[in-house]
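Only one structure is covered here, and it is reproduced in the block below.
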Amino acid sequence: MQSISISAARSPTIRAQRVVSNSKVTSNTSLPPAAPIVAKLFKTPQCATGGRNVSKVHNDLSDTVSSLNLQPIPRQELIKSVDSNAKNTQPAINIEVLKPGVYTGSSVYTEEISLLANQVQTGLQARVAPIPIDDCTGGVYYLRTKNRRLTAVFKPADEEPYALNNPKSFQKPEQAPSVSGIRQGIAPEDAAVREAVAYLLDHQHFAKVPTTMLASLYHPAFHYHASESLHRKIGSVQAYVPHRDTADDVGVSMFRASDVQAIAMLDIRLANQDRHGGNILVVEPTASVSSTPGAMTKAQTGKQVSLIPIDHGACLPRVSALSETYFLWLFWPQAKQQFSRAALEYIAALDAHHDLQLLEANLPSGHHLEREAALTLHVCTALLKFCSLDLKMTAHDIGMLMCRDGIVSQKDLSPSVLEIMVASTLIDAAVLKSEVLLRLEDKQRGMQAVAFNKQTQAQGKAWSNYVAIFMQTFRRVLANNLTAK
Numbered sequence: 001m002q003s004i005s006i007s008a009a010r011s012p013t014i015r016a017q018r019v020v021s022n023s024k025v026t027s028n029t030s031l032p033p034a035a036p037i038v039a040k041l042f043k044t045p046q047c048a049t050g051g052r053n054v055s056k057v058h059n060d061l062s063d064t065v066s067s068l069n070l071q072p073i074p075r076q077e078l079i080k081s082v083d084s085n086a087k088n089t090q091p092a093i094n095i096e097v098l099k100p101g102v103y104t105g106s107s108v109y110t111e112e113i114s115l116l117a118n119q120v121q122t123g124l125q126a127r128v129a130p131i132p133i134d135d136c137t138g139g140v141y142y143l144r145t146k147n148r149r150l151t152a153v154f155k156p157a158d159e160e161p162y163a164l165n166n167p168k169s170f171q172k173p174e175q176a177p178s179v180s181g182i183r184q185g186i187a188p189e190d191a192a193v194r195e196a197v198a199y200l201l202d203h204q205h206f207a208k209v210p211t212t213m214l215a216s217l218y219h220p221a222f223h224y225h226a227s228e229s230l231h232r233k234i235g236s237v238q239a240y241v242p243h244r245d246t247a248d249d250v251g252v253s254m255f256r257a258s259d260v261q262a263i264a265m266l267d268i269r270l271a272n273q274d275r276h277g278g279n280i281l282v283v284e285p286t287a288s289v290s291s292t293p294g295a296m297t298k299a300q301t302g303k304q305v306s307l308i309p310i311d312h313g314a315c316l317p318r319v320s321a322l323s324e325t326y327f328l329w330l331f332w333p334q335a336k337q338q339f340s341r342a343a344l345e346y347i348a349a350l351d352a353h354h355d356l357q358l359l360e361a362n363l364p365s366g367h368h369l370e371r372e373a374a375l376t377l378h379v380c381t382a383l384l385k386f387c388s389l390d391l392k393m394t395a396h397d398i399g400m401l402m403c404r405d406g407i408v409s410q411k412d413l414s415p416s417v418l419e420i421m422v423a424s425t426l427i428d429a430a431v432l433k434s435e436v437l438l439r440l441e442d443k444q445r446g447m448q449a450v451a452f453n454k455q456t457q458a459q460g461k462a463w464s465n466y467v468a469i470f471m472q473t474f475r476r477v478l479a480n481n482l483t484a485k
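Everything in the sequence shown is counted per UniProt numbering, starting at 1 for the first residue and increasing by one.
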């Protein structure tokens with residue numbers, strides 16, 4: 001599948017039209033232009049390998065190219081980046097891509113990240129202010145080029161729903177300290193990393209997730225509490241995709257089966273908790289997008305369009321919190337068709353172990369998935385492979401196993417088939433014994449079992465042993481439940 005171009009020349013000028021997250025641009029205010037823009041943020045990579053391949057993981061990181069020669073920046077250090085004795089001193093208005101953001105061994109990936117970062121940098125240094133998006137539950141901003149064209153969408157982690165700096169009153173109630181973030185099973189400030197994860201795991205741009213990276217930015221237009229020092233913000237930066245409509249606005253007959261199935265495969269792998277029509281963009285596949293707002297006309301209904309999935313912050317919840325899994329495409333006719341040969345070949349090549357190695361190599365320090373989120377990827381990859389390859393099930397069939405049935409609030413419904421199988425696996429005697437041994441080693445070494453990153457070989461060994469036992473048990477439960485029907 002073709003990758004997404006993020007050329008600034010293809011971004012429309014700012015107009016009051018529907019864009020990412022079904023929002024409207026309400027302001028075109030910017031500061032006066034500044035001096036000419038500095039040089040590129042990245043060096044041109046010298047990579048011999050081709051694009052990302054689902055069957056291979058780049059394991060030799062010795063010859064990779066780093067962006068901007070940055071050091072990994074943990075959240076805690078970012079918040080303290082302003083001198084406590086100089087609260088009125090503003091950080092530099094710029095973007096810094098968090099390392100190791102180019103460690104995939106793919107020159108295409110490196111070039112996409114480099115181009116996007118440069119486009120954002122030109123706008124920031126030309127004093128083109130970000131534009132806040134009003135109709136989102138978290139703080140979200142359009143970033144623009146020096147020519148004031150939309151080029152990216154920035155979602156600061158500290159402005160996510162229930163995060164400490166959320167600007168829209170989505171704050172964690174004091175009487176409910178255990179409340180989750182954007183979805184159950186996803187902690188506040190953890191949606192940004194999942195945006196980057198979805199892009200990294202969309203091998204070969206099969207589902208066409210737009211270029212996404214983790215970065216730190218500063219601009220006074222971002223939300224800060226009155227008592228708070230100005231500081232840089234870490235969050236996800238995703239390439240803006242020009243489009244006319246979302247899937248809510250267009251008849252499903254215009255959708256290609258290949259696009260629907262590719263998005264379904266991604267959503268199944270990541271246990272997407274929030275796949276609705278507003279986060280599937282509709283793009284005319286060959287022509288540039290008109291700047292005239294409005295839905296497609298009746299004369300265009302015979303066309304087929306391209307679908308671009310966005311907004312993946314609600315993916316990969318903890319494996320014990322899958323209750324809000326939701327797929328809009330579940331009852332689309334394309335999802336009820338058998339997977340194409342290309343789709344089945346793609347599924348056959350998937351490997352959750354390799355995917356997690358890729359994430360470990362690409363995600364910045366302090367921004368890794370929780371262990372239970374890593375288990376979710378293992379479980380859902382196994383589910384997709386077994387159901388599609390062995391049982392010849394469709395995306396609709398697999399989605400029905402993952403989603404709760406009914407129309408009321410999903411958490412009030414009976415557990416899904418997948419939830420029941422996971423619960424059965426979690427209480428298996430062998431799994432419980434392995435979990436005790438894992439926690440014992442963590443305690444002995446003073447580690448917290450919250451992040452999937454190899455801090456020591458011992459932890460890696462204990463965790464690998466737990467995953468092996470868990471997945472062996474889950475596959476047995478999966479086969480027993482599905483082949484018996």
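We treat Cβ as the ideally placed atom computed from N, Cα and C, and that holds for glycine. The model shown is predicted, which means the values in this text are computed figures rather than measured ones.
Report task. Have a look at 386, 310 and 256 and flag the residue whose alpha-carbon is nearest the alpha-carbon of residue 490. Result -> Residue 490 lies beyond the stretch modelled for the chain, which goes from 1 to 485, so this question has no answer here.
**Report entry** Status (buried if at least 16 other CB within 10 Å, exposed otherwise) for residue 131
**Finding:** On the sequence shown, position 131 is the one that residue 131 refers to. Answer is buried; the Cβ neighbour count reaches 16.
Query - Whole-angstrom distance between residue 155 and residue 186, CA atom to CA atom - result: In the sequence shown, residue 186 corresponds to position 186, counting from 1. In the sequence shown, residue 155 corresponds to position 155, counting from 1. Cα-Cα distance, rounded: 16 Å.
Query raised in the report: Thinking just about the alpha-carbon of each residue, which of 375, 151 and 397 is nearest to the one in residue 463?
Result: As a working note, residue 463 is residue 463 in the sequence shown. Cα-wise, what sits closest to residue 463 is 375.
**Report entry** Nearest-angstrom Cα separation, counted from residue 153 out to residue 475
**Finding:** One-based indexing of the sequence shown puts residue 475 at position 475. One-based indexing of the sequence shown puts residue 153 at position 153. Looking at the two C-alpha atoms, the distance is approximately 39 Å.
**Report entry** Expected contact under 8 Å - CB spacing of residue 268 and residue 399 to nearest Å
**Finding:** In the sequence shown, counting from the first residue as 1, residue 268 sits at position 268. In the sequence shown, counting from the first residue as 1, residue 399 sits at position 399. That pair is a contact at about 7 Å.
Query raised in the report: Do the CB positions of residue 213 and residue 379 come within less than 8 Å of each other?
Result: For the purposes of this step, residue 213 is identified with residue 213 of the sequence shown, where counting begins at 1. For the purposes of this step, residue 379 is identified with residue 379 of the sequence shown, where counting begins at 1. Taking 8 Å as the Cβ cut-off, residue 213 and residue 379 do not qualify as a contacting pair.
Query raised in the report: Where does residue 443 land, buried or exposed, given buried means 16+ other C-beta within 10 angstroms?
Result: Taking the sequence shown and counting its residues from 1, one reaches residue 443 at position 443. Here residue 443 is exposed: its Cβ has fewer than 16 other Cβ atoms, across all protein chains shown, within 10 Å.
Report task. Have a look at the DSSP bridge pairing and note the partners of residue 334. Result -> Mapped onto the sequence shown, residue 334 falls at position 334. DSSP lists no partner for residue 334.
Requested in this report: Determine the closest residue to residue 423 out of 471, 389 and 465, with distance taken between C-alpha atoms.
Outcome: Residue 423 sits at position 423 when you count from the first residue of the sequence shown. With distances taken between Cα atoms, residue 423 lies closest to 471.
Report task. Could you tell me if residue 133 is buried or exposed, where buried requires 16 or more neighbouring beta carbons within 10 angstroms of its beta carbon? Result -> To locate residue 133, count along the sequence shown from 1; it is residue 133. Buried is the call here.
**Report entry** Per-residue DSSP class, three states only, for residue 406
**Finding:** Within the sequence shown, numbered from 1, the residue matching residue 406 stands at position 406. Three-state result, residue 406: coil.
Requested in this report: For residue 393, name the three-state secondary structure that DSSP assigns.
Outcome: By one-based count along the sequence shown, residue 393 stands at place 393. Correct three-state label for residue 393: coil.
Report task. Using the Cα positions of residue 191 and residue 428, report the straight-line distance between them to the nearest angstrom. Result -> By 1-based counting over the sequence shown, the position of residue 191 is 191. By 1-based counting over the sequence shown, the position of residue 428 is 428. Rounded to the nearest angstrom, the two C-alpha atoms are 30 Å apart.
Query raised in the report: CB residue 247 to CB residue 277, shorter than 8 Å?
Result: The residue you call residue 247 lines up with position 247 of the sequence shown. The residue you call residue 277 lines up with position 277 of the sequence shown. Cβ distance < 8 Å, so residue 247 and residue 277 count as in contact.
Report task. Can you give me the Cβ contacts of residue 197 inside the same chain, cut-off strictly under 8 Å, excluding the 5 residues immediately before and after it? Result -> As a first step, residue 197 is located in the sequence shown; it is residue number 197 there, counting from the start. So the qualifying residues of the chain are 270, 312, 315, 316, 359, 363 and 369.
Query raised in the report: Over what stretch of residues does the beta strand (DSSP E) that includes residue 236 continue unbroken?
Result: As a first step, residue 236 is located in the sequence shown; it is residue number 236 there, counting from the start. Residues 233-239.
Requested in this report: Closer than 6 Å by C-beta to residue 468: which residues in its own chain qualify, once you throw out the five before and the five after it? Chain order, please.
Outcome: Residue 468 sits at position 468 when you count from the first residue of the sequence shown. The answer is none, since no qualifying residue turns up.
Query raised in the report: Looking at the structure shown, is residue 217 part of a helix, part of a strand, or coil, going by DSSP?
Result: As a working mapping, residue 217 is identified with position 217 in the sequence shown. Correct three-state label for residue 217: strand.
**Report entry** Assigned secondary structure, residue 141 (DSSP; H/G/I helix, E/B strand, else coil)
**Finding:** One-based indexing of the sequence shown puts residue 141 at position 141. In the structure shown, residue 141 sits in a strand (DSSP, three-state: E or B).
Query raised in the report: Which residue's Cα is closest to the Cα of residue 207: 261, 254, 243 and 230?
Result: Residue mapping note: residue 207 aligns to position 207 of the sequence shown, counting from 1. The option with the nearest alpha carbon to residue 207 is 261.
Query raised in the report: What does residue 376 pair with, by DSSP beta-bridge criteria?
Result: Numbered from 1 along the sequence shown, position 376 holds the residue referred to as residue 376. Answer is none; residue 376 lacks a bridge partner.
Query raised in the report: How many angstroms separate the CA atom of residue 209 from the CA atom of residue 151?
Result: Indexing the sequence shown from 1 puts residue 209 at position 209. Indexing the sequence shown from 1 puts residue 151 at position 151. Whole-angstrom Cα-Cα distance: 15 Å.
**Report entry** Cβ neighbour criterion (16 or more within 10 Å) applied to residue 279
**Finding:** Here residue 279 refers to the residue found at position 279 of the sequence shown. Classification for residue 279: buried.
Query raised in the report: Can you check whether the CB of residue 377 is closer than 8 Å to the CB of residue 352?
Result: Here residue 352 refers to the residue found at position 352 when the sequence shown is read from its first residue. Here residue 377 refers to the residue found at position 377 when the sequence shown is read from its first residue. In this structure, residue 377 lies closer than 8 Å to residue 352 by Cβ.
Requested in this report: Helix, strand or coil for residue 322, going by three-state DSSP, please let me know.
Outcome: Residue mapping note: residue 322 aligns to position 322 of the sequence shown, counting from 1. DSSP, reduced to helix, strand and coil, places residue 322 outside both helices and strands of the structure shown, so it counts as coil.
Requested in this report: Report all residues from its chain with a CB closer than 6 Å to the CB of residue 56; omit the five preceding and five following residues, and keep chain order.
Outcome: In the sequence shown, the residue the question calls residue 56 occupies position 56. Residue placement at residue 56 is poorly supported in this model, since its pLDDT is 37, which falls under 50; the coordinates still yield a value, given next. There are no such residues.
Query raised in the report: For the beta strand (DSSP E) that residue 155 lies in, which residues bound it at each end?
Result: As a position in the sequence shown, residue 155 is number 155, starting the count at 1. Note, residue 155: beta strand (DSSP E), 150-156.
Query raised in the report: Nearest CA to the CA of residue 189: which residue from 205, 93 and 162?
Result: Position 189 of the sequence shown, counted from the first residue, corresponds to residue 189. Checking every option, the nearest Cα to that of residue 189 belongs to 162.
Report task. Ignore the nearest five residues each way along the sequence and tell me which others in residue 478's own chain have a CB closer than 8 Å to its CB. Result -> Counting from one through the sequence shown, the residue named residue 478 turns up at place 478. The answer, listed in chain order, is 382, 383, 386 and 421.
**Report entry** CB of residue 304 within 8 Å of CB of residue 256, strictly
**Finding:** Stepping through the sequence shown from its first residue, residue 304 is reached at position 304. Stepping through the sequence shown from its first residue, residue 256 is reached at position 256. For residue 304 and residue 256, yes; Cβs fall inside 8 Å.
Query raised in the report: Taking C-alpha atoms, which residue in 237, 282, 273 and 211 lies nearest to residue 245?
Result: The residue labelled residue 245 in the question sits at position 245 within the sequence shown. Taking only the C-alpha atoms, the option nearest residue 245 is 282.
Query raised in the report: Under the criterion of a Cβ to heavy atom distance below 7 Å, does residue 156 qualify as lining the ligand HEM?
Result: Questions concerning the ligand HEM fall outside what the structure shown contains, since it holds no ligand whatsoever.
Query raised in the report: Quick one: is residue 348 buried, meaning 16 or more other Cβ sit within 10 Å of its Cβ, or exposed?
Result: To locate residue 348, count along the sequence shown from 1; it is residue 348. Result: exposed.
Requested in this report: Would you decide whether residue 340 is buried or exposed? Buried here means 16 or more other CB atoms lie within 10 Å of its CB.
Outcome: Your numbering for residue 340 matches position 340 in the sequence shown. Exposed, because fewer than 16 other Cβ atoms sit within 10 Å of the Cβ of residue 340.
Requested in this report: Report the residue from 144, 394, 112 and 318 whose alpha carbon sits nearest the alpha carbon of residue 127.
Outcome: Here residue 127 refers to the residue found at position 127 when the sequence shown is read from its first residue. Minimum Cα-Cα distance from residue 127 among the listed residues 144, 394, 112 and 318 corresponds to 144.
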